[in-house]
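Take 1 as the starting number for the sequence shown in the UniProt record's numbering and just add one per residue. From the three backbone atoms N, C-alpha and C, an ideal C-beta is built for every residue, glycine too. Worksheet for the structure shown next.
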Amino acid sequence: MGAAASAATYDSIEEALPNAPYQSEEDAKNEGYSRADIETWYEQNVLGHKAGIVQVSVGSSGNRIGASFWEAICQEHGVDAAGAGAGPASYFNETSDGRFVPRSVLVHADKSGCDATVAAPLGKLFRPDNHVYGEATGGNWAKGFYTSGAEIVDACLDVVRREAEQCDRLAAFQVCHALGGGTGGGLGPLLLTKIAEEYPDRVLASFAVLPGSALSESPTQPYNAVAALLATSDARPASKLLAAALFARGPPSAADVEAELAARADAYVPTRAKLFDGWAPPPRASSISGAVSSTAIANSTAVRQPLNRVREQMTALFRKKAFVHNYTGEGMDEMEFCEAESNVNDLVQEYRQYEDAEAVLDPPEEKE
1 MGAAASAATY
11 DSIEEALPNA
21 PYQSEEDAKN
31 EGYSRADIET
41 WYEQNVLGHK
51 AGIVQVSVGS
61 SGNRIGASFW
71 EAICQEHGVD
81 AAGAGAGPAS
91 YFNETSDGRF
101 VPRSVLVHAD
111 KSGCDATVAA
121 PLGKLFRPDN
131 HVYGEATGGN
141 WAKGFYTSGA
151 EIVDACLDVV
161 RREAEQCDRL
171 AAFQVCHALG
181 GGTGGGLGPL
191 LLTKIAEEYP
201 DRVLASFAVL
211 PGSALSESPT
221 QPYNAVAALL
231 ATSDARPASK
241 LLAAALFARG
251 PPSAADVEAE
261 LAARADAYVP
271 TRAKLFDGWA
281 PPPRASSISG
291 AVSSTAIANS
301 TAVRQPLNRV
311 REQMTALFRK
321 KAFVHNYTGE
331 GMDEMEFCEA
341 ESNVNDLVQE
351 YRQYEDAEAV
361 LDPPEEKE
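Here is the structure:
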């Protein structure tokens, strides 16, 4: 649908249609365009520029990830540390004096984390009142989820709500946090739950980082990560299906990309039937816009190894009852450790099942 792609954006369908390659759905079909082509053009040229995303960084690691994200997006769109440039409306609010301010909420364990972010090269770009901090969690998931974090979660949600209300068309929330810390692992899942409750019809993407294999300064990271996984995961089997999405930005038309994805998926129909529940939708999706680049997102069984490693580390600690009193003292029940361990073990085993699955090929058709 190359002719339908346009660099212009419009405030209404009435303004947009005279500039479209078709003035009605009937005209589009006569020209060989499908319903999907029409929806793609409309999303890109009428709605796309209004779709807003609220970015949330939680904890020290989450804020470092967030800082790298904003550095990249500012560089890509030519936005400097003072907010001058042309920030995309999906991530920036434009002030009355023409400055672009990130639509970002920054949640810190304590004031020192806030001060460090403000002192960074892009620190002055963010709204000062979008920083929220409380009492340090000391690397304790229970403190972030039940006590210190719970005390500031409403303040965090107030800032999230304010940023969401500034979007012409709120599309999604993007949350960056690490599971091994007390703030990112404890307050992070708590805030995710609150956002999901208040905005159930919006996309909620969690960019969560598991602890690495190297030794950490905090010996309780396995506890935090496994507890965070329990708090953020949906235990229904359908949430663990393998899937992949391709986001392409460039000259190819929507029809071209969909045709290519369909061809590749159809080549693996027997495997797909083995790996996906029968009711699940086709395990592919695509999105197209703008300049040339692409991103692939996949739910791969490779995640089984880090999940299993964290579970084994947590089990070794819990058998010795090491540091358990630090968590129960903040309101966590000891049975929650057992439940978290069991759930992560089930998740690991399900990924193993998919990894070990073999394709069952259909027998060749007999020729008449």
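query, result
"As assigned by DSSP and simplified to three states, the class of GLU336", "helix"
"Residues sharing a beta bridge with GLU94, DSSP", "PHE100"
"Rounded C-alpha distance that separates LEU204 from LEU192", "8 Å"
"DSSP beta-bridge partners of CYS176", "SER57 and PHE207"
"Beta-bridge partners of ARG169, as assigned by DSSP", "ALA51"
"Span separating the alpha-carbon of ALA81 from that of SER57", "19 Å"
"Expected contact under 8 Å - CB spacing of GLY184 and GLY62 to nearest Å", "5 Å"
"Sequence-distant residues of the same chain with beta carbon closer than 6 Å to ALA273, five excluded per side", "Confidence is the limiting factor: at ALA273 the pLDDT is only 47, short of 50, which leaves the residue's position unreliable, though a coordinate-based value still follows. Counting only Cβ-Cβ distances below 6 Å, and skipping sequence neighbours, we find nothing."
"Residue closest to ALA228, alpha-carbon to alpha-carbon, out of GLY52, GLY98, GLU339 and PRO121", "GLU339"
"GLY123 versus ARG103: straight-line alpha-carbon distance, rounded", "14 Å"
"CA nearest to the CA of VAL159, picked from PRO189, LYS111, PHE126 and GLY138", "PHE126"
"Local Cβ density within 10 Å of GLU165, reported as buried at 16 or more and exposed below that", "exposed"
"Residues sharing a beta bridge with TYR133, DSSP", "HIS108"
"Classification of GLY139 by the beta-carbon crowding that lies within 10 angstroms, buried from 16 upward", "buried"
"Assumed close pair ARG162, GLY52 - CB separation to whole angstroms, cut-off 8 Å", "Their Cβ separation, rounded to whole angstroms, is 12 Å, which puts ARG162 and GLY52 out of contact at 8 Å."
"Extent of the continuous alpha helix (DSSP H) run through LYS321", "That residue, LYS321, is in no alpha helix (DSSP H); it is neither H nor E in DSSP."
"Residues near ILE152 by beta carbon distance below 7 Å, same chain, minus five either side", "VAL132 and GLY134"
"Closest Cα partner of GLN55 within the set CYS156, GLY83, PHE318 and GLU350", "CYS156"
"Where GLN353 falls: helix, strand or coil (DSSP)", "helix"
"Distance between ALA259 and GLN221 (C-alpha atoms, nearest Å)", "45 Å"
"Three-pair Cβ contact test at 8 Å for the stretch 107-124 versus the stretch 174-188", "yes"
"Which listed residue (THR328, VAL209, HIS325 and ASN345) has its alpha carbon closest to that of GLY181", "VAL209"
"Length of the line joining the Cα atoms of PRO281 and GLY329", "The predicted model places PRO281 with a pLDDT of 47, which falls under 50 and marks its position as unreliable; any figure quoted below should be read in that light. So the two alpha carbons sit approximately 45 Å from each other."
"Among ALA67, ASP333 and SER300, nearest to CYS176 - alpha-carbon criterion", "ALA67"
"Three-state secondary structure (DSSP) of VAL348", "helix"
"Straight-line gap, TYR223 to ASP115 (C-alpha atoms, nearest Å)", "28 Å"
"Alpha helix (DSSP H) segment containing TYR199, residue limits", "That residue, TYR199, is in no alpha helix (DSSP H); it is neither H nor E in DSSP."
"Span separating the alpha-carbon of GLY98 from that of ALA84", "7 Å"
"Status (buried if at least 16 other CB within 10 Å, exposed otherwise) for ARG311", "buried"
"Option nearest TYR351 by Cα separation, candidates ALA316, ALA136 and PRO306", "PRO306"
"Exposure label - THR95; buried when at least 16 CB within 10 Å", "exposed"
"Whole-Å CB distance - PHE337 paired with PHE318, under 8 Å assumed", "5 Å"
"Reference ILE195; option with closest CA among TYR327, GLY212, PRO219 and THR232", "THR232"
"Nearest-angstrom Cα separation, counted from MET332 out to ALA172", "31 Å"
"Under 9 Å between C-beta atoms of GLU71 and PRO121", "yes"
"ALA142 versus THR301 - alpha carbon distance", "29 Å"
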